[in-house]
Structure formats: structure tokens, C-alpha cells
Amino acid sequence: MKESFSIEVKRPVQETFDSLTDLERFASLSEGKLAVAAVPDRPRRGKGSALLLTAQVPGQAEAGILCETLEWEPPSVCTRRFAIKDLPTTACMRFAPCPAGTRVTVDLELDPQSMLYKLMLPALALKLRGDKEKLDAQLQQQLDAQPPS
Numbered sequence: 000m001k002e003s004f005s006i007e008v009k010r011p012v013q014e015t016f017d018s019l020t021d022l023e024r025f026a027s028l029s030e031g032k033l034a035v036a037a038v039p040d041r042p043r044r045g046k047g048s049a050l051l052l053t054a055q056v057p058g059q060a061e062a063g064i065l066c067e068t069l070e071w072e073p074p075s076v077c078t079r080r081f082a083i084k085d086l087p088t089t090a091c092m093r094f095a096p097c098p099a100g101t102r103v104t105v106d107l108e109l110d111p112q113s114m115l116y117k118l119m120l121p122a123l124a125l126k127l128r129g130d131k132e133k134l135d136a137q138l139q140q141q142l143d144a145q146p147p148s
């Protein structure tokens with residue numbers, strides 16, 4: 000399943016790229032709900048980098064998700080693969096100048112591996128489409144949490 004959405008932010012391209020590709024900074028804004036750890040023998044940023052993301056979900060055991068950077072072309076493109084159990088996901092963020100500052104286009108590709116996720120895919124697609132405004136607001140919040148450079 001593929002989904003795509005775009006937002007425009009009132010920040011320069013490089014600043015927007017730096018902010019939205021910094022997973023450790025993003026985790027610091029999650030109020031302890033997301034932790035980021037380095038993967039031994041892998042860089043923390045750039046192509047080939049890998050981080051272990053751990054989300055704290057009430058009532059569930061913590062689950063680590065390996066996040067690998069597949070494409071890294073600052074300040075234009077960052078593509079990452081998230082090794083979610085039974086639902087590997089690839090997210091590609093493209094950054095381009097626009098009159099407002101920067102247009103960020105996010106392309107998500109979800110690859111369901113289990114029958115459960117395959118059956119849930121239509122509902123998940125509807126939820127993603129419905130959550131685009133929420134995702135937009137979260138990206139804007141991350142940018143707004145930092146002073147302009």
C-alpha cells in the first residue's frame with residue numbers, strides 16, 4: 000500500500016531537512032514515549048545509518064523497531080525503512096523550495112507480511128488518509144518546537 004502527502008512549512012529547505020530527519024530530536028519531543036538508541040557499528044546519520052526506536056505503548060511490552068536510512072541526499076531526500084514486525088514500512092521524505100519556504104512530500108509504502116495486516120490494509124489505508132491532517136500538525140509541531148536559524 001502506498002500513500003503520499005505534502006505540507007508546506009515556513010522554513011528554509013536545509014533547516015527543514017535537518018529538523019525532520021533528526022530522529023533523536025523527534026524522540027525528545029515525544030515526552031518519553033519514544034526512545035532512540037544507536038545500533039553498534041552503524042553510523043547515527045546518513046546513508047547506511049541505523050537506529051533502534053522503542054515506543055512505549057500503555058498495556059503493551061516495549062517493542063524495538065530497527066530504522067535504517069536507505070537514501071540520504073541533504074537537503075533533498077531522506078528515505079528510511081522501519082522494520083515493523085509483519086508490516087515493514089518505507090518512508091521517503093522529499094524537500095523542495097516553494098514560495099512559503101519548503102514543500103515536504105512524504106511517500107509511505109507499507110508491505111503487509113501477515114494475513115492479519117493484509118486483511119486490515121483497507122482500514123489502515125482509510126485511517127492513514129484520515130490522519131494526514133494529524134501528521135501535518137505533528138510535523139509542524141516538531142518544526143515549531145525549534146527556533147528558526
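Residue numbers (numbering that gives the first Met the number 0): 0 to 148. The C-beta atom is built at its ideal place from N, Cα and C for all residues, glycine as well. Quick caveat, the model's predicted, so the values are computed rather than measured.
Is it the case that the Cβ atoms of residue i and residue j are separated by a distance below 9 Å?
{"i": "residue 68", "j": "residue 77", "result": "yes"}
{"i": "residue 36", "j": "residue 51", "result": "yes"}
{"i": "residue 7", "j": "residue 66", "result": "no"}
{"i": "residue 23", "j": "residue 109", "result": "no"}
{"i": "residue 99", "j": "residue 12", "result": "no"}
{"i": "residue 84", "j": "residue 62", "result": "yes"}
Expressed to the nearest angstrom, what Euclidean distance is found between the alpha-carbon atoms of residue i and residue j?
{"i": "residue 42", "j": "residue 82", "result": "17 Å"}
{"i": "residue 73", "j": "residue 139", "result": "20 Å"}
{"i": "residue 118", "j": "residue 55", "result": "26 Å"}
{"i": "residue 141", "j": "residue 70", "result": "22 Å"}
{"i": "residue 113", "j": "residue 121", "result": "14 Å"}
Could you check which residue in the options has the C-alpha nearest to that of residue i?
{"i": "residue 86", "options": "142, 34, 123", "result": "123"}
{"i": "residue 143", "options": "25, 34, 71", "result": "25"}
{"i": "residue 102", "options": "80, 135, 90", "result": "135"}
{"i": "residue 21", "options": "84, 92, 63, 5", "result": "92"}
{"i": "residue 79", "options": "104, 53, 48", "result": "48"}
Give me the DSSP bridge partner(s) of residue i.
{"i": "residue 106", "result": "3, 91"}
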